[in-house]
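In the numbering used here, the protein residues as written are 9 to 192. A short write-up of the structure that comes next.
Here you go:
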């Protein structure tokens with residue numbers, strides 16, 4: 009598997025298919041994933057909803073050198089601003105209109121802190137930027153310092169105006185000018 013150096017192979021993002029669900033279920037039960045993503049059945053149900061078109065979120069597997077290495081998705085925050093969701097997470101209404109959010113996890117615990125997350129999220133953010141999205145966000149748990157560092161390396165910075173207003177989440181925005189060029 010990858011060394012401690014950041015990966016030099018560019019990740020390939022491919023859409024999730026129903027054939028990926030057993031692999032995703034195996035990944036979701038791993039402690040380092042479950043800690044942040046929760047119940048496997050709930051998450052598999054959500055991914056099924058995405059595949060069936062009942063959720064506008066776009067799920068992908070990211071691969072390094074042809075090997076499935078993790079899961080990444082992007083979603084449209086405006087689609088989640090329902091009365092129920094706003095009651096649970098009122099800060100959604102503070103996000104810029106048209107904002108797109110990214111979420112991801114790395115499949116193997118041994119692959120954490122090796123630059124893979126930074127490269128994967130940067131690849132997704134660059135794809136979204138090329139598609140014309142200019143408000144690309146990620147919302148790590150404040151306690152997930154490893155993720156925050158990875159996202160900073162990928163070009164994300166906290167949105168100061170939302171600091172302290174989003175519960176346990178740190179809302180970060182992508183700007184290609186912020187990418188740590190030493191890690192590219």
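For glycine and all other residues, C-beta sits at the position ideal for the given N, C-alpha and C.
Open item on the list: Quick check on residue 23: buried or exposed, where buried means 16 or more other Cβ atoms within 10 Å of its Cβ?
Closed with: exposed
Open item on the list: According to DSSP, simplified to helix, strand and coil, what is residue 3?
Closed with: For residue 3 there is no data in the structure shown, the boundaries of the chain being 9 and 192.
Open item on the list: So, does the stretch 126-135 touch the stretch 169-179, judging by three or more C-beta pairs under 8 Å?
Closed with: no
- [ ] Over the uninterrupted beta strand (DSSP E) stretch that includes residue 108, give me the two end residues.
- [x] 108-114
Task: For residue 145: DSSP bridge partner residues - done: 109 and 181
- [ ] Could you spell out where the beta strand (DSSP E) holding residue 78 opens and where it closes?
- [x] 75-84
- [ ] Given a cut-off of 9 Å, decide if residue 112 and residue 79 are closer than it, judged by their beta-carbon atoms.
- [x] yes
- [ ] My understanding is that residue 106 touches residue 86, with C-beta atoms under 8 Å, so please give their C-beta distance in whole angstroms.
- [x] 7 Å
Task: residue 66 and residue 81 closer than 9 Å at C-beta - done: yes
Task: Proximity of residue 119 and residue 154 at Cβ, strictly below 9 Å - done: no
- [ ] Look at the alpha carbon of residue 185 and the alpha carbon of residue 157, and state the distance between them as a whole number of angstroms.
- [x] 16 Å
- [ ] Note down, in chain order, each residue of its chain lying with its Cβ closer than 7 Å to the Cβ of residue 3, except the 5 sequence neighbours on either side.
- [x] No information on residue 3 is available, as it lies outside the stretch 9 to 192 that the chain covers here.
Open item on the list: I'd like to check one pair, residue 128 with residue 114: are the Cβ atoms closer than 9 Å?
Closed with: yes
Task: Proximity to residue 179 [Cα-Cα], best of 101, 50, 76 and 123 - done: 101
Open item on the list: What would DSSP say about residue 173, mapped onto helix, strand or coil?
Closed with: coil
Task: Beta bridge counterpart(s) of residue 72 as assigned by DSSP - done: 75
Task: Range of the contiguous alpha helix (DSSP H) that encloses residue 104 - done: Taken as a continuous stretch (DSSP letters only), residue 104 belongs to no alpha helix (DSSP H), as it is neither H nor E.
Task: Simplified DSSP state of residue 54, which is helix, strand or coil - done: helix
TODO: Taking only heavy atoms of the ligand FAD into account, decide whether any of them is closer than 8 Å to the Cβ of residue 45.
DONE: Among the components modelled here there is no ligand, and therefore nothing to report on the ligand FAD.
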